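Student:
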Amino acid sequence: MTGCIYIEDIAQHEGQQVTLQGWVTGRRSSGKILFLQFRDGTGFIQCVGGRNDIGDELFDRVDHLPIESAVRVTGEVRADARAPSGFELGLAGLEVVHEAEEYPIGRKEHGDSFLLDHRHLWIRQSQQFAVLRIRATIISAVREYLDGHGYLNIDTPILTPAACEGTTTLFETEYFDEKAYLTQSGQLYNEATAMAFGRVYCFGPALRAEKSKTRRHLIEFWQVEPEIAYATLEDILDIQEELVCFVVERLLRERKPEFAILKRDLALLERVKAPFPRVTYTEMVDLLHEKGVEFTWGDDFGAPDEAVISESFDRPVMVTRYPRGVKPFYMAIDPEDERLTLSVDMLAPEGYGEIVGGGERLADLATLEAAVDAGALPRADYEWYIDLRRYGSVPHGGFGMGIERLTTWVCGIHHIRETIAFPRMLNRLRP
RNA sequence: UCCUCAGUAGCUCAAUGGUAGAGCAUUCGGCUGUUAACCGAAGGGUUGUAGGUUCGAGUCCUACCUGAGGAGCCA
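The working numbering puts the first residue of the first sequence at 4, with every later residue one more than the last.
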């Protein structure tokens, strides 16, 4: 709209008369002067209006304007230390575009359940604004890194005939005359595209019908999955580390205002620099034992174990070479110890736990065939995947990075549900 | 699926087994620099559902429903 500007550009207009279009997030008045908290989707600003500046009629109307009413405000941009954002708008005029009904979300505390029921409105609130803008920048940075390093984006199907990782529960749907399942991961298809294009990644939703009910789980989550032909486990470690550092660096450059809204301690993020500690699963088991945690070698780390590990480091830690029993059938076997896989999980610091999982894949035909059979997987559905080992099979690997887990950690927030606009959780499909 | 906790006004929560209350929000009034403003007044209730115990149940018991936290599983 001509003549209108956005709050994110407000600093360039100091001293000028501008028009903003957005919504009222709050107001206070003192009879002769009123303060209007205003947002436009790019930021928040306070408008100040005197009764003399805007006239009695408008003053009284604005003084009774419900929260979240849509308005256009016109006035002079002023730098003012008393304003929360450093700038405020000296109100000269205001046009009511739509007067809202009584808004259900107040400025006092609310329960989780109430807020989730009103998620379509909750996302307007400043904390959610900050988290979702940081998420968008994470996605943008991930793509920027991969696109800039020779990776080709090739997305993989959502509807699939079989599980990628046989164990987890699948969402089942009808596919004309047969059953299909919603994807859990693009992993297997990535291996095919990597053999065609060398370096690839897919980015999209993953759906898991797990009855998980924790603050680290979503039924529908987004992940980016790079896959690289000729990559070894060591290569995968380097790439993960570089990618995470790249993303954090860009966030620190571009999203300071959002981190300020979240009151995030940026010193913790500034420490996220290579090299990340690299330790083996077996070494981590020893660490747990040293810390007095009861743990049996061969088990997978539970959430409390991951928390103990990730609290022991001041930056993400990469745990390698998990036992075969806790990793999917397609993981490559460690040539130095066949009880182990060439796998890696990256655990975020501050107790946030796993944000990346990956490693080197099985490249040998006979070993893969045996693994498929041992997993009791339907051979017919995996025949195309096994085929990849017949025509120019090479060492290769990749990883999946969970966008919401990464966002949760980077934002320093408590629950993963706030990192996606409309979270799908157990018992929650709406809104 | 299992364990724990909770459900009372639009929201967040109080209320020894004995008259159902506060703050916020709403409406009205006051206030010229507020930062989740403040001051005064008003309206607002089938205490999640169904049974049971009791002279008397928001409170105790049983079942169910809904939600939250955690476990397992995973990104």
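All C-beta atoms, glycine included, are put in the ideal place defined by N, C-alpha and C. Predicted, not measured: the structure shown is a model, and the values here were computed from it.
Considering only DSSP beta bridges, list what Y178 is partnered with.
Tutor: Within the first sequence, residue 178 is the residue found at index 175, counting from 1. Note: Y178 sits in a beta bridge opposite E181.
Student: In its own chain, which residues sit with a C-beta less than 6 Å from the C-beta of R327, not counting the 5 before and 5 after it?
Tutor: On the first sequence, residue 327 is found 324 positions in, with the first residue counted as 1. T344.
Student: Is T410 close to the ligand HEM? I mean its beta-carbon at under 7 Å from any heavy atom of the ligand.
Tutor: In the structure shown, the ligand HEM is absent, as is every other ligand, since no ligand is present at all.
Student: Between K259 and T140, what straight-line distance do the alpha-carbon atoms span, to the nearest angstrom?
Tutor: Mapped onto the first sequence, residue 259 falls at position 256. Mapped onto the first sequence, residue 140 falls at position 137. Near 12 Å, if we compare the C-alpha coordinates of T140 and K259.
Student: Given a cut-off of 8 Å, decide if A270 and L391 are closer than it, judged by their beta-carbon atoms.
Tutor: Within the first sequence, numbered from 1, the residue matching residue 391 stands at position 388. Within the first sequence, numbered from 1, the residue matching residue 270 stands at position 267. Contact: no.
Student: Where in the region 370-418 do unbroken runs of the beta strand (DSSP E), each at least 3 residues long, occur, reported from the N-terminal end onward?
Tutor: Listed in chain order, the complete beta strand (DSSP E) runs (minimum 3 residues) inside the region 370-418 are 399-405.
Student: Suppose you measure from the CA of E17 to the CA of Y284; what does that come to, to the nearest Å?
Tutor: As a position in the first sequence, residue 17 is number 14, starting the count at 1. As a position in the first sequence, residue 284 is number 281, starting the count at 1. Straight-line Cα distance between these residues: approximately 56 Å.
Student: What residue does the beta strand (DSSP E) around D348 start on, and which one ends it?
Tutor: By one-based count along the first sequence, residue 348 stands at place 345. From DSSP, the beta strand (DSSP E) with D348 extends over 346-351.
Student: Secondary structure at V275, three-state DSSP: helix, strand or coil?
Tutor: What you label residue 275 is simply residue 272 of the first sequence in a count that begins at 1. Looking at V275 - three-state DSSP - the assignment turns out to be coil, as it is neither helix nor strand.
Student: Taking 8 Å as the limit between beta carbons, can you name the residues of its chain near R2, skipping five residues before and five after?
Tutor: With the chain covering only 4 through 434, there is no way to say anything about residue 2.
Student: So for H67, helix, strand or coil by DSSP?
Tutor: Counted from its first residue, the first sequence places residue 67 at position 64. Three-state result, H67: coil.
Student: Quick one: Cα of Q40 to Cα of V74, how far?
Tutor: For the purposes of this step, residue 40 is taken as the residue at position 37 of the first sequence. For the purposes of this step, residue 74 is taken as the residue at position 71 of the first sequence. Using only the alpha carbons, I get a separation of about 11 Å.
Student: In whole angstroms, give me the CA-to-CA distance for A199 and A232.
Tutor: Walking along the first sequence from the start, residue 199 turns up at place 196. Walking along the first sequence from the start, residue 232 turns up at place 229. Between A199 and A232, the C-alpha separation is close to 9 Å.
Student: What does R42 pair with, by DSSP beta-bridge criteria?
Tutor: Working through the first sequence from its first residue, we reach residue 42 at position 39. R42 is bridged to W26, F47.
Student: What span of residues does the alpha helix (DSSP H) with Q15 cover, start to end?
Tutor: In the first sequence, residue 15 corresponds to position 12, counting from 1. No alpha helix (DSSP H) contains Q15, which DSSP labels as neither H nor E.
Student: Over what stretch of residues does the alpha helix (DSSP H) that includes R253 continue unbroken?
Tutor: Along the first sequence, read from residue 1 onward, the residue named residue 253 stands at position 250. Element bounds for R253: 236-257.
Student: Would a C-beta distance cut-off of 8 Å place L365 and A374 closer than the cut-off?
Tutor: Taking the first residue of the first sequence as 1, we reach residue 365 at position 362. Taking the first residue of the first sequence as 1, we reach residue 374 at position 371. For L365 and A374, yes; Cβs fall inside 8 Å.
Student: D241: which of G93, K294, M321, D317 sits nearest, CA to CA?
Tutor: Position 238 of the first sequence holds residue 241. Residue M321 is the option with its Cα nearest to D241.
Student: Using 10 angstroms around the beta-carbon of Q24, count the other beta-carbons present and answer buried if the total reaches 16, otherwise exposed.
Tutor: Here the question's residue 24 lines up with position 21 in the first sequence. Buried, since its Cβ has 16 or more Cβ neighbours within 10 Å.
Student: Grab me the residues of W125's own chain with a C-beta within less than 8 Å of its C-beta, minus the 5 sequence neighbours each way, in chain order.
Tutor: Sequence index remark: in the first sequence, residue 125 carries index 122 (1-based). Excluding positions up to five away in sequence, the list reads I108, L118, L119, Q131.
Student: In angstroms, rounded to a whole number, what distance separates the CA positions of I419 and D115?
Tutor: Counted from its first residue, the first sequence places residue 419 at position 416. Counted from its first residue, the first sequence places residue 115 at position 112. Their Cα atoms are separated by approximately 13 Å.
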